Structures are given as C-alpha cells and as structure tokens.
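Q:
Residue numbers (this note's numbering), protein chains in the order written: chain E, 1 to 420; chain W, 1001 to 1420.
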C-alpha cells in the first residue's frame, strides 16, 4: 500500500512557510505579491522536476499535470490556494497545494500506474485579502456553471479593476499583468478536459481534534445566510446630555446581541454556528453617544428549517426598540447547503479505511474554491485535523503526520477514481 | 439698559456659517484650514472696523482689543474657538467668538464707558479634529498654571509635530507656519496683562430648553474619569468553530455594556452622565469570531463620591468572565470638578436678572478652553439654550434671540467686573 512521504511533506511545509514569513510563526502572503510569486516558482520547480507539464490560465491559476496512460482520459485535479490573510498561518490553503504536489510526487516516485492525467493546481486569490472578493478566480473560472444568485454578485470586469485594499492604487488586473502569470484562457479548468476535483484543507475547527481523528471525510458545505443588523439612534455630547433622553445605538446593539445569542442558544442545535463578528459604530468617539451601529450576522447549518428558525429570531429584533433606537436588518447573501459528489466522498471514505487513517464524516462550514468548482465538476474535500481548530491566525497548526495522512487518503481516493 | 443687537448677531451667524459650509446645514471648518482662515479674516475685518487692535500670539490665538479709559487696567477677555468637528454645526465655538465681537460692537456703538481694555479672542484648535489633542492652544498658553497630572499629558514639541489625522503628512507646526498666523509669544494671554476671562457657549444639552430658560449661569465643569474596557477572547472561523467553545470578545463586550448600564442606572443619580461611545473590534470581519474588543467609558458628575460608586461598578467588570473572555480596565484620564470664579459667576447671575433674561444655574459637562484658562485667570462661562441639546452635528441650533441674550448677559457681566 503506497503512502505519501512524511519527510517530503515536512520539507514542503517548511519551505513554503518561508515565503511571506511574518517573523512570528505565520505568514502574510497576499495573492500575486512577491512572496506569493516565490511560492508559485517553488511549485513549478518541484513539479517540473518530476516531469509535470505547467500550464497557466488567464487569471494566473497554475496547473501541473503528470500524463496518464489513457490518451482519451480527462484529468483528475487536486489543489487549493497559496495566498493567505494578513498574519495567517502555514496551513490554510497551502496544505491543499502541498498535498496535491505530494500525491504527484508519490505517484512519480513509485511509478504508480494511472490512466487519467493527474493535475496539481494553485487557485489565484482565494482569500481576497488584497483584492476582494474571496474565491475570485474559482468564481471566474466556474462562472458559467454558477447559480444565478451567485453569478449576480460576480462581474469579471469589476474584479479586474478591484482595488488593492492596502494601497488603493493597484488593481487586480494590474497585479495580474505585472506578475508574469497571466496565461491563456484555453488552460482554464473545464469539464471538457477535467474529470473531477479534490481539495484537501485544514479543518479550521476543533471537531477532529476533539474526536481524535486525523482526517475528515467532508460531505457537504453548510447552507448559510449573512445579514447586516443596523441600529439608528441620536448622537449627543457625552458630558452634557441626560441619560433618560439618550438614544444610544451601541447600547442598543449590545442589548440586541445579548438577546440574539440567548434566543438562538435556546433552540438547542449543537451543530448550528452563528457569528456577530463585524461592528461599525458612528461616530465612534469617546465623547459622543453613538447614533449608528451596524453588526454582521452569519448563521450556518445543514438544514434549511433550522436556518429558518434562526431567521425568525433575527427578524424579531426589528420589532423591538433597543435603548430608544430602531433596528433594521438587510440580507447580504445566503446559500443553500451544497453536497459533495457522493461517488468521490465514497472513495475518500474507502481510502481512509483501507490505509488505516482515523477519520469521520464532517461538514464544511467555511467557503473554499471547491464549492464553486462543485457546480462544474464532481468535487469533494478532505479535512486535516487543526490544532485547537485555529485558522486565519499564526497559531494554525497540523502535525506532519496528519498532513501526510490527508495526502495519502487523497492519493488513494484519486487512484480509486482513476480505476473506474 | 444696553442690549446687544439681534440683527447684527443674525448677520454674524449667517456670515460665519458660510466659512466651511458643508452644503447641508452645517460646517466642516478644521483649525487653520482655508475655511478657518476666512473666518479669522472676517473676525479681523469686523474688529478693525470698530477700532480694535489685532494681536496674534505664537500659536495663532487672535486677540482684538478695544482700549479702556484706565491705562493701568488689565484687559478683560471674552472668546472661544472658530474650528469645528467634521460635519459640525454653526454654533459650537463660533458663538463664543461672535458673542465676544458683539459685546465689543455694542460697547463701540453706544460708546459705553469702560476702564479696562476689552478683548475678543479666537482660540486655535479647540476641537483637535485635524491635529489632536483637543484644547491644544489653551493648553499651551496656560501650561505653566496647569496641575501636574494635566501637564504630564501636554508636550509643546509633540503638539507642533502632531500629524493631521486626514492626510497624515502635514503637522500642526507646518499648518501654523503656512497659515500666516504664527505671531509672537509676547501676545499670549497671561495674568500679567489680562484680568479675567468669559466664554459663552451653546449648552450642548437639553436642560435649558426643557426648563424654558434662555441662558445658563455655569457654576462648574463636572469632574470625570475616562477608562478603556478591554475584552480578550480567541478568534476562530465563523463557519467551523462550535458555539460552546467560542470566546467571543464582542459578545463579551455586549454583555458587559448591558450589565454596566443596568448597574449604574440602579444608582439612581439623575445628574450623572456616562457614555460608552467608542468601540474597537479585532479582527472585525464577518467570518471571524472577534478576539479583542476595546470600549471607552466616560463618566461625569460634580460629586467625587458618586464617581467613586460608578468606579466600583466598572471595576466589578474585571472580576467576571464574559462569554469566556477576560476583562481589563485602564485609566485614560480623570479630572476633578472645576468651579468657576465665584465673583464672575455672581456678575453673570446679576446681569441676567437685571436685563430680564430667563436663566438658571447649570453645570458644564463638556471640555472648553475656559477650563484650562481657569487655572491661570478668574474665569467663567455662559451657556445659551441649544435646540434639543444637539451639538457636534449639523442640526445644532440656537435661536438668534437666545444668542443675543447670551451676548447681552456677557456684556453686563463684563461691565460689572469693569466697575470693580
């Protein structure tokens, strides 16, 4: 039974962690930045070394392909992204790239027979840290296959002129031209030449660690909705305006957040997650009573009936007066639960069983490029245990053993698919 | 009985409201901006027209003085500031300047005899909107007289290189040089040549309006303390991290703010004001659980015993765990209640009675240049009724009648002082 190499895996983790090293354990590696270009060069160097053919599409997605024995067989692709958030860790995204490389390296090392060409790929700008939105280039590539409500949020031309959130002057289109990675549209991932897609990713949650399992067999991406909750009061002077006449929007938001958490927790669904993570306050000055507060509300669950109950509670906020302030809500977006391809999920499960890697079924609560891909190709994901479930921070960690287990599971799932 | 001119007052309000007119009823007139320089020119033009002598000190404070009949008498000064916050109103600060001008114009018009020279002045950069801190130039001028704990916050050199919060490149020192208003240090307000100070200001609260009084006889500036309350949690992914393990710093802050308001309100002091007006949240992203929230806490009351009780409640926050997060507090600053000069307060009261302007005693909850001045010279303030108590916003309004009443009361208070 072939397994991936823990030594080679460790070496790749160490090497890629240098590109964008922020000096305290993590990385800042914005898409198409100098550091991200170094990571791309490393990917190309290692893939070329095992005889893979490099192709780059018009939005800088890179594909490294080992030919298969059947000239008519479509490619099986594995991949993720190599860009990070600010002060991110050494695993989110890049682990999926490294794992895909590791699968190709293992196939090459042991000369494992396979009919289908096998491709390792890097998606451009998954995080959208510098140029929003997140999952930009999988959105562009899969555009024609996306449901209308997702497509309506996507405009290729807008994205090309999407401004850097750091300096505000450079656009994604300009960064793309400058990168030297603007390839040809004909190389884009498409059902014409690709059979299916696998993405390995850190779990970003503590479920696998708590259960003592190395790998997660991801069965779906949770349905979710995202709203803004807004409170409207009146700004007055902190030193001169009597308390009973105040209409304090921050106190209003505080009361409503406490209410929301209490009411939603009463529903008692242990697998429901919801988050009030962003707050905007105006004028946000210590000597002024706030007149406007805007809070984000994000809820995720597999079952739309559960989300509907949460929605009822959210709506009830608008029927109340909070600290003299009115409350409105507005939908930002929502999505239904997306189930991964059952055949591929089955191969992942069988692979984990056969090679004896501890595993369990798990849902994905986060967004990944694989999600857009799922509208175009049979797709699935494999999760690797994350220490304390931490991600998007420098403390991200997965053991080399778990990372190698994830790659080995992907290898065998790919080989099972290859045999069909 | 002399009274100030409502027509002349209206004309000045209208004229000055043009300098920095933001197009929707209010002004944005940052200190030393082009619009603020226009307001200064208007002040000089009108004061020169009645024979006042213009002097400018080294931090651009302007003094317009009508000579008095006694060559040995020190000057009596009246004034306030002409700079505003962003999208401020047409009354905060500038009303005190206009009222001082109006007193001089009335004295000149009716040739009212007076021993002391009478000075109308503009303080530079009271709001600190562009170049923090607020009350910068009264702090500089009164520095040698301030208590040590206030002085320790003040450094002249730091202020000169205080960066514009808008473009970050220009410093206060550079703006001062460029303004053409960097005069001579010898012209600074000082006890050597000034007898006492009056400042007229809008109330910035609804107390006078609710009581139906035109003018407030200000007796003190409330003691206050200002703290930061900080909550420390753990950031995790909104879609992947189970609720019971979360340590959400924004939920923690919400619970603590609700608790603080409930507990402090239970104390039952109707004249206590406290404000939680500023919030900083990290990472403040809708897909992340916040790991850090910092909220301002500002409490003001005349009686230090009341403030001590509030302090106890604030401290009790740190002994609790809020949504799994720890809580710390840190003092930003505090000040004791400052009582205005009793003699001057008495003159203001007598003046209001004699000319038949409706009035009452009132505390000041806000900070004013007069506060720093009070450490150096006998000082007092007069408040004018503000519509709905609104200030630092475009809706600021005081009727021409109330504004003129304020100026007339100041005129007679000044004349009473002049007679001593």
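Each residue gets a CB set at the ideal place from its N, CA and C atoms; glycine is no exception.
It should be emphasised that the depicted structure is a prediction, and the values quoted were computed from it without experimental measurement.
Starting from residue 1285 of chain W, find everything on chain E with Cβ-Cβ shorter than 7 Å and list it in chain order.
A: Start at 1 with the first residue of the second chain, and residue 1285 of chain W comes out as number 285. Per Cβ cutoff of 7 Å: 277 and 278.
Q: Considering only residues of the same chain and omitting the five flanking positions on each side of residue 1224 of chain W, which have a CB-CB separation below 7 Å?
A: Locating residue 1224 of chain W in the second chain gives position 224, where the first residue counts as 1. For residue 1224 of chain W, the CB contacts under 7 Å within the same chain, skipping 5 residues up- and downstream, are 1298, 1299, 1300, 1334 and 1335 in chain order.
Q: With 16 as the cutoff for other CB atoms within 10 Å, does residue 1288 of chain W come out buried or exposed?
A: Looking up residue 1288 of chain W in the second chain gives position 288. Buried, since its Cβ has 16 or more Cβ neighbours within 10 Å.
Q: List, in order along the chain, the chain W residues whose C-beta lies closer than 7 Å to that of residue 319 of chain E?
A: Start at 1 with the first residue of the first chain, and residue 319 of chain E comes out as number 319. Near residue 319 of chain E there are no residues of chain W at all, since even the closest Cβ is about 19 Å away, more than 7 Å.
Q: When burial is assigned at 16 or more other CB atoms within 10 Å of the CB, is residue 1152 of chain W buried or exposed?
A: To locate residue 1152 of chain W, count along the second chain from 1; it is residue 152. Residue 1152 of chain W should be labelled exposed.
Q: How would you label residue 1219 of chain W, buried or exposed, when you count the other beta carbons within 10 angstroms and need 16 or more for buried?
A: Position 219 of the second chain, counted from the start, is the residue given in the question as residue 1219 of chain W. With 16 or more other Cβ atoms within 10 Å, it is buried.
Q: Where are the alpha helix (DSSP H) runs, 4 residues long or more, that stay fully inside the region 1334 to 1373 of chain W, in chain order?
A: 1342 to 1355 and 1369 to 1373
Q: Check the DSSP bridge columns for residue 171 of chain E and list the partner residues they point to.
A: By 1-based counting over the first chain, the position of residue 171 of chain E is 171. Answer by DSSP bridge pairing, in chain order: E:163.
Q: Less than 9 Å separating the beta-carbons of residue 1042 of chain W and residue 1062 of chain W?
A: Start at 1 with the first residue of the second chain, and residue 1042 of chain W comes out as number 42. Start at 1 with the first residue of the second chain, and residue 1062 of chain W comes out as number 62. No; because the gap between Cβ atoms is not below 9 Å, this pair is not in contact.
Q: Can you grab the Cα-Cα spacing for the pair residue 1168 of chain W / residue 1131 of chain W, in whole Å?
A: For the purposes of this step, residue 1168 of chain W is identified with residue 168 of the second chain, where counting begins at 1. For the purposes of this step, residue 1131 of chain W is identified with residue 131 of the second chain, where counting begins at 1. So the two alpha carbons sit approximately 10 Å from each other.
Q: What number of angstroms, rounded off, separates the C-alpha of residue 1179 of chain W from the C-alpha of residue 1058 of chain W?
A: In the second chain, the residue the question calls residue 1179 of chain W occupies position 179. In the second chain, the residue the question calls residue 1058 of chain W occupies position 58. C-alpha separation (whole angstroms): 12 Å.
Q: Return the residues of the region 1377 to 1399 of chain W that lie within a Cβ-Cβ distance of less than 8 Å from chain E, sorted by chain order.
A: Legend: CB atoms of the region 1377 to 1399 of chain W lying less than 8 Å from CB atoms of chain E belong to residues 1389, 1390, 1391, 1392 and 1393.
Q: Do the CB positions of residue 81 of chain E and residue 369 of chain E come within less than 9 Å of each other?
A: The sequence position of residue 81 of chain E within the first chain is 81, counting from 1. The sequence position of residue 369 of chain E within the first chain is 369, counting from 1. Yes; because the gap between Cβ atoms is below 9 Å, this pair is in contact.
Q: For a quick check, are the C-beta atoms of residue 1390 of chain W and residue 1089 of chain W less than 9 Å apart?
A: Indexing the second chain from 1 puts residue 1390 of chain W at position 390. Indexing the second chain from 1 puts residue 1089 of chain W at position 89. Yes.
Q: Look up residue 1151 of chain W in the DSSP assignment and say whether it is helix, strand or coil.
A: Working through the second chain from its first residue, we reach residue 1151 of chain W at position 151. Helix.
Q: Using beta carbons (cut-off 9 Å, strictly below), is residue 273 of chain E in contact with chain W?
A: The sequence position of residue 273 of chain E within the first chain is 273, counting from 1. Output row for residue 273 of chain E: interface = yes.
Q: Could you check which residue in E:285, E:13, E:200 and E:229 has the C-alpha nearest to that of residue 332 of chain E?
A: Within the first chain, numbered from 1, the residue matching residue 332 of chain E stands at position 332. Looking at the Cα atoms, E:229 is the closest of the given residues.
Q: Drop a sphere of 10 angstroms on the beta-carbon of residue 155 of chain E, count the other beta-carbons inside from all chains shown, and report buried for 16 or more, exposed for fewer.
A: Stepping through the first chain from its first residue, residue 155 of chain E is reached at position 155. Flag for residue 155 of chain E reads exposed.
Q: I'd like the span of the alpha helix (DSSP H) that includes residue 1308 of chain W, first residue to last.
A: One-based indexing of the second chain puts residue 1308 of chain W at position 308. Start and end: 1304 to 1316.
Q: Taking the alpha carbon of residue 206 of chain E as the point to measure from, which residue in E:3, E:384 and E:181 has its own alpha carbon closest?
A: Taking the first residue of the first chain as position 1, residue 206 of chain E is located at position 206. The shortest C-alpha separation from residue 206 of chain E is found at E:384.
Q: Please check the pair residue 414 of chain E and residue 103 of chain E, which I expect to be a contact at CB under 8 Å, by giving their CB distance rounded to whole angstroms.
A: If you number the first chain from 1, residue 414 of chain E lands on position 414. If you number the first chain from 1, residue 103 of chain E lands on position 103. Cβ atoms of residue 414 of chain E and residue 103 of chain E come within 8 Å of each other, at about 6 Å.
Q: Report, in whole angstroms, the separation of the C-beta atoms of residue 1105 of chain W and residue 1008 of chain W, which I expect to be a contact under 8 Å.
A: If you number the second chain from 1, residue 1105 of chain W lands on position 105. If you number the second chain from 1, residue 1008 of chain W lands on position 8. Contact flag correct, Cβ pair sits at about 6 Å.
Q: Taking 8 Å as the cut-off, does the region 1198 to 1218 of chain W touch the region 238 to 246 of chain E (at least 3 CB pairs, one atom from each stretch)?
A: Between the region 238 to 246 of chain E and the region 1198 to 1218 of chain W, the count of C-beta pairs closer than 8 Å reaches three or more; the two stretches touch.
Q: Considering only their Cβ atoms, is the gap separating residue 221 of chain E from residue 269 of chain E smaller than 9 Å?
A: Along the first chain, read from residue 1 onward, the residue named residue 269 of chain E stands at position 269. Along the first chain, read from residue 1 onward, the residue named residue 221 of chain E stands at position 221. No, the Cβ-Cβ distance between residue 269 of chain E and residue 221 of chain E is not below 9 Å.
Q: Cβ of residue 1353 of chain W less than 9 Å from any chain E Cβ?
A: Here the question's residue 1353 of chain W lines up with position 353 in the second chain. By the rule that beta-carbons nearer than 9 Å mark a contact, residue 1353 of chain W does not touch chain E.
Q: Inspect the beta-carbon positions of residue 22 of chain E and residue 200 of chain E and report whether they are closer than 9 Å.
A: Locating residue 22 of chain E in the first chain gives position 22, counting from the first residue. Locating residue 200 of chain E in the first chain gives position 200, counting from the first residue. Residue 22 of chain E places its beta carbon 9 Å or farther from that of residue 200 of chain E.
Q: Near residue 284 of chain E, which residues of its chain fall below 8 Å by C-beta distance, leaving aside the five closest residues on each side in sequence?
A: Here residue 284 of chain E refers to the residue found at position 284 of the first chain. Hits under 8 Å: 290.
Q: Which residue comes first and which comes last in the beta strand (DSSP E) that contains residue 1230 of chain W?
A: To locate residue 1230 of chain W, count along the second chain from 1; it is residue 230. Residues 1223 to 1232.
Q: Does the structure place the region 1249 to 1268 of chain W close enough to the region 1310 to 1325 of chain W that three or more beta carbon pairs sit under 8 Å?
A: yes
Q: Using the beta-carbon of each residue, which ones in chain E are nearer than 7 Å to residue 1219 of chain W?
A: Mapped onto the second chain, residue 1219 of chain W falls at position 219. What residue 1219 of chain W touches in chain E: nothing, since even the nearest Cβ is about 14 Å away.
Q: Give the list of continuous alpha helix (DSSP H) stretches no shorter than 4 residues that lie fully inside the region 1248 to 1306 of chain W.
A: 1249 to 1267
Q: May I ask you to verify whether the region 1337 to 1355 of chain W touches the region 1365 to 1381 of chain W, counting CB pairs closer than 8 Å and requiring at least 3?
A: yes
Q: Please classify residue 1234 of chain W as buried or exposed, where buried requires at least 16 neighbouring CB atoms within 10 angstroms.
A: By 1-based counting over the second chain, the position of residue 1234 of chain W is 234. Taking all protein chains in view, the Cβ of residue 1234 of chain W is crowded by 16 or more other Cβ atoms within 10 Å, so the residue is classified as buried.
Q: Output needed for residue 345 of chain E: all residues of its chain with C-beta closer than 8 Å, excluding positions within five of it in sequence on either side, in chain order.
A: Reading the first chain from its first residue, position 345 is the one you call residue 345 of chain E. The answer, listed in chain order, is 217, 218, 219 and 380.
Q: Output the distance between the C-alpha atoms of residue 1387 of chain W and residue 280 of chain E, rounded to the nearest integer angstrom.
A: Along the second chain, read from residue 1 onward, the residue named residue 1387 of chain W stands at position 387. Along the first chain, read from residue 1 onward, the residue named residue 280 of chain E stands at position 280. Roughly 28 Å between the two C-alpha positions.
Q: By the three-class DSSP mapping on this structure, what secondary structure does residue 214 of chain E have?
A: In the first chain, residue 214 of chain E corresponds to position 214, counting from 1. Coil, per DSSP.
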